[in-house]
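Trainee: Please find one structure pasted underneath; my questions will follow.
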Amino acid sequence: MIHPHTELRFINDDIGFGVFATQFIPAGAITFVKDHLDVNIGLKKYQKLTPLEKEIVDKYSYIEKNGNRVVSWDHGKYVNHCCSPNTINTGYGFEIAIRDIQASEEMTDDYGLFNVDYPMTVNCGKEGCRRTVRASDLDRYSEVWDQRIKEAMRKLSNTEQPLFFLLSETTKRELSRFKKDGTYRSVSSLRYQPGSLSSILESTGDAFTGLISSTQSMATDAR
8 MIHPHTELRF INDDIGFGVF ATQFIPAGAI TFVKDHLDVN IGLKKYQKLT PLEKEIVDKY
68 SYIEKNGNRV VSWDHGKYVN HCCSPNTINT GYGFEIAIRD IQASEEMTDD YGLFNVDYPM
128 TVNCGKEGCR RTVRASDLDR YSEVWDQRIK EAMRKLSNTE QPLFFLLSET TKRELSRFKK
188 DGTYRSVSSL RYQPGSLSSI LESTGDAFTG LISSTQSMAT DAR
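This is the structure:
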């Protein structure tokens, strides 16, 4: 689920849609949490899709460490990439604002954390734009991303958290431990590991019903 203080807006014909803050969102706010309504597509199901269905899934999904493709049920799937994002994925199953996001500012994240399975050409317009996003970015930039996440997570308990109720009890305990002694789960834990036990088990079960019918009309929109 995406942060409630956001909305979907059309940007232009080249980019399509994006997600924008409807009011101020402070650094340290949890901006996205995977929930039970999100659609999980395992590897076996994905391989059986038609070319059109794969095109839709590829455009709107991200890949978890077990190989599942996840499509957000709400407008979270329209958050665009930026090499200097204001939110970032974490090793805890949520995304977090790493700096203050002003009202009407676009919410962005870095696709390098989403196990992209092909070199993705990008042009975010920011200084230092990488031009291409690769799966190897997780290894190359994990230390930088971890540092930014840790700084944001130190503000968690002092920030309004409308999505906190979606966190699992295990995640809540891990966050409490981080606050207490600094124990931290790196974004490197997000890397897809083909052939691992979890990827084999998880890829055999997925939920695909209703995805195509609900998203086909948006197939030309940007994620």
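According to the numbering used here, the sequence shown is numbered sequentially starting from 8. Positions of the beta carbon are idealized from the N, C-alpha and C atoms, including for glycine.
Return helix, strand or coil for D116, following the three-state DSSP convention.
Mentor: Along the sequence shown, read from residue 1 onward, the residue named residue 116 stands at position 109. In the structure shown, D116 sits in a strand (DSSP, three-state: E or B).
Trainee: Checking the sheet assignment: what are the DSSP bridge partners for V46?
Mentor: In the sequence shown, residue 46 corresponds to position 39, counting from 1. Answer is V78.
Trainee: What residue range does the beta strand (DSSP E) around E167 cover?
Mentor: As a position in the sequence shown, residue 167 is number 160, starting the count at 1. Note, E167: premise wrong, no beta strand (DSSP E); not H, not E.
Trainee: Does DSSP put I156 in a helix, in a strand, or in coil?
Mentor: For this step, residue 156 is matched to residue 149 along the sequence shown. Residue state, collapsed to three classes: helix.
Trainee: Leaving out the 5 sequence neighbours to the left and right, which residues in its chain are closer than 7 Å to V64 when beta-carbon positions are compared?
Mentor: Residue numbering aside, residue 64 sits at position 57 when the sequence shown is read from its first letter. The answer, listed in chain order, is I48, Y53, L56, R76 and V78.
Trainee: Measuring alpha carbon to alpha carbon, tell me which residue in C136, F172 and E158 is nearest K41.
Mentor: By 1-based counting over the sequence shown, the position of residue 41 is 34. Ranking C136, F172 and E158 by Cα distance to K41 puts F172 first.
Trainee: Does S196 pass the burial test, meaning 16 or more other C-beta atoms within 10 Å, or should it be called exposed?
Mentor: The count along the sequence shown starts at 1 and reaches residue 196 at position 189. Exposed.
Trainee: So, is L204 buried or exposed, given that buried needs 16 or more other C-beta atoms within 10 angstroms?
Mentor: Numbered from 1 along the sequence shown, position 197 holds the residue referred to as residue 204. Per-residue confidence for L204 stands at a pLDDT of 49, beneath the threshold of 50, marking its modelled position as unreliable; the derived number appears in the next sentence. So L204 ends up on the exposed side.
Trainee: Ignore the nearest five residues each way along the sequence and tell me which others in G119's own chain have a CB closer than 6 Å to its CB.
Mentor: Numbered from 1 along the sequence shown, position 112 holds the residue referred to as residue 119. So the list reads V140 and D144, once near-sequence residues are dropped.
Trainee: For K186, which residues in the same chain have their Cβ closer than 7 Å to its Cβ, ignoring the five residues on either side in sequence?
Mentor: Indexing the sequence shown from 1 puts residue 186 at position 179. Leaving aside the five residues that flank K186 on each side, the residues in its chain whose CB is nearer than 7 Å to its CB run, in chain order, S164.
Trainee: Looking only at its chain, what residues have a beta carbon closer than 6 Å to the beta carbon of C131, apart from the 5 residues adjacent to it on each side?
Mentor: Indexing the sequence shown from 1 puts residue 131 at position 124. Within the same chain, C131 has close Cβ partners C89 and C90.
Trainee: Considering only residues of the region 17-69, which uninterrupted beta strand (DSSP E) runs meet the minimum length of 3 residues and lie entirely inside it, listed in chain order?
Mentor: 23-28, 37-40 and 46-48
Trainee: When the distance is taken between beta carbons, is T38 closer than 7 Å to V26?
Mentor: In the sequence shown, counting from the first residue as 1, residue 26 sits at position 19. In the sequence shown, counting from the first residue as 1, residue 38 sits at position 31. No.
Trainee: Look at the alpha carbon of R184 and the alpha carbon of D20, and state the distance between them as a whole number of angstroms.
Mentor: The residue you call residue 184 lines up with position 177 of the sequence shown. The residue you call residue 20 lines up with position 13 of the sequence shown. Our two residues, R184 and D20, have alpha carbons roughly 46 Å apart in a direct line.
Trainee: Just curious, the beta strand (DSSP E) that F101 is in, first and last residue?
Mentor: Counting from 1 along the sequence shown, the entry for residue 101 is found at position 94. Run containing F101: F101 to A104, per the beta strand (DSSP E) assignment.
Trainee: What residue range does the beta strand (DSSP E) around T94 cover?
Mentor: In the sequence shown, counting from the first residue as 1, residue 94 sits at position 87. Element bounds for T94: T94 to N96.
Trainee: Comparing C-alpha positions only, which one of Y99, I105, I156 and Y69 sits nearest to Y85?
Mentor: Taking the first residue of the sequence shown as 1, we reach residue 85 at position 78. The residue with the shortest Cα to Cα distance from Y85 is Y69.
Trainee: I believe T166 touches G35 by the beta-carbon criterion, under 8 Å. Please report the beta-carbon distance rounded to the nearest angstrom.
Mentor: As a first step, residue 166 must be located in the sequence shown, where it is residue number 159. As a first step, residue 35 must be located in the sequence shown, where it is residue number 28. Their Cβ separation, rounded to whole angstroms, is 4 Å, which keeps T166 and G35 in contact under 8 Å.
Trainee: Could you tell me if A110 is buried or exposed, where buried requires 16 or more neighbouring beta carbons within 10 angstroms of its beta carbon?
Mentor: Here residue 110 refers to the residue found at position 103 of the sequence shown. Result: exposed.
Trainee: Nearest to R192 by alpha carbon, out of L170, Q168, W152 and R137?
Mentor: Along the sequence shown, read from residue 1 onward, the residue named residue 192 stands at position 185. Among L170, Q168, W152 and R137, the Cα nearest to that of R192 is on W152.
Trainee: In whole angstroms, give me the CA-to-CA distance for H43 and L174.
Mentor: Along the sequence shown, one-based indexing puts residue 43 at 36. Along the sequence shown, one-based indexing puts residue 174 at 167. Near 11 Å, if we compare the C-alpha coordinates of L174 and H43.
Trainee: Hey, could you find the ends of the alpha helix (DSSP H) S183 is sitting in?
Mentor: Counting from 1 along the sequence shown, the entry for residue 183 is found at position 176. E176 to D188 is the extent of the alpha helix (DSSP H) around S183.
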